[in-house]
Amino acid sequence: MAGQGLERREILRAMALAAAASQFPGFNRWAFACGHVGAPAQENKPASYAPQFFTVPEYEMVERLSEMILPSDGSPGAREAGVSEFIDFMVFSDPGVQYRFRYGLTWLNARSEELYGQTFSSLQADQQTNILQHLAYKDHYRSGEDEGRKFFKLIREYTIMGFYTSRMGLEALDYPGLKFYSESPGCPHGGIHGVDSSQSTVNSPRRIRCSTLET
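In my numbering, the protein residues as written are 344 to 558.
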């Protein structure tokens, strides 16, 4: 993916995958966008989501990463939309990407320990942001982090897919009918919090948002 949204063919593919995933009864927060937007939330949802593929520590990392890519700043983000649930179920359902996700999370933990002596989930928010901005922004790329950049691109794609195919994601965009199928709505989120994307100086890094991420 490039830019702020999804290409039409990617949207169609994402919606088809999400429609299939929506049949899973174990989602707590994630709900398929085309399941009648504005309708009451599904009853009898589980009290919490039980990861189908990731271990609990891995799932916590996926949840944190998705929140950093699509934060909640005045509008619903990945957490509210249950994007981490969507990612976990999609990876569980597709053996072809399972190794890439597990390897990527392992790489990220190893890199975090190399730089800061702790796993990614244990780092301070500014330390997490520092690691990710070197994977997200071309002008911040570092040698030896090719595998990390590949993983970041992968989880960013799944995060955007999970958000924009969710009921909450489309409601946040005011759900412009099925215009979503014919063109990509712009991401409602800005750049890195406290950072002008045209500058290299970080003033108050906290979260990474989708519209300025390079791929």
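Ideal placement from N, C-alpha and C gives every residue a C-beta, glycine not left out.
Span of the alpha helix (DSSP H), counted from its first residue to its last, around residue i
i: Lys493; result: Asp489 to Tyr507
i: Ala453; result: Pro438 to Tyr459
i: Tyr392; result: Looking at the DSSP string, Tyr392 is not in any alpha helix (DSSP H), and its letter there is neither H nor E.
i: Pro400; result: Val399 to Ile412
i: Asn473; result: Ala468 to Ala479
i: Arg422; result: Ala421 to Ala424
Residue of the options minimising C-alpha distance to residue i
i: Phe432; options: Val405, Leu478, Leu458 and Asn387; result: Val405
i: Val440; options: Gly369, Met511 and Glu500; result: Glu500
i: Ala363; options: Ala421, Asn473, Arg510 and Ser436; result: Ser436
i: Glu428; options: Asn473, Ala479, Gly487 and Val399; result: Val399
i: Phe495; options: Asn371, Thr472 and Leu513; result: Thr472
i: Glu490; options: Trp450, Ala421 and Ser409; result: Trp450
i: Gly512; options: Ala421, Lys481 and Gly417; result: Ala421
i: Ser486; options: Gln467, Thr502 and Arg454; result: Arg454
Residue i - partner residues in DSSP beta bridges
i: Phe375; result: Ser509
Test item: CB-CB of residue i and residue j under 8 Å
i: Phe444; j: Asn452; result: no
i: Gly425; j: Leu497; result: no
i: Ala307; j: Ser509; result: An answer regarding residue 307 cannot be provided, because it is not within the stretch 344 to 558 covered by the chain.
i: Pro389; j: Tyr402; result: no
i: Phe367; j: Tyr392; result: no
i: Tyr480; j: Arg492; result: no
Close-in-space but distant-in-sequence residues of the same chain around residue i (CB under 8 Å, 5 per side omitted)
i: His379; result: Residue confidence for His379 is low, a pLDDT of 47 falling below 50, so the modelled location carries little weight; the figure read from the coordinates is stated next. Contacts found: none.
i: Gln461; result: Ser455
i: Leu559; result: In this structure the chain extends from 344 to 558, so residue 559 is not present and cannot be described.
i: Thr502; result: Leu408, Ser409, Ile412, Leu413, Ala421, Val426, Ile430 and Cys553
Cut-off 7 Å between Cβ atoms - residues of its own chain near residue i, not counting five sequence neighbours on either side
i: Pro506; result: Here residue 506 is Phe; the residue named in the question, Pro, does not match the sequence. These residues qualify, in order along the chain: Leu413, Ala421, Ala424, Val426 and Gly512.
i: Leu408; result: Ile498
i: Phe396; result: Asp431, Val434, Phe435 and Gln441
i: His477; result: His483, Tyr484, Arg485 and Glu488
Cutoff 6 Å; reference residue i; Cβ partners in own chain excluding five residues on either side
i: Gln470; result: Tyr459
i: Ala359; result: none
i: Glu457; result: none
i: Met504; result: Ala357
Residue i CB to nearest heavy atom of the ligand HEM below 7 Å
i: Phe463; result: The ligand HEM is not part of this structure, which contains no ligands at all.
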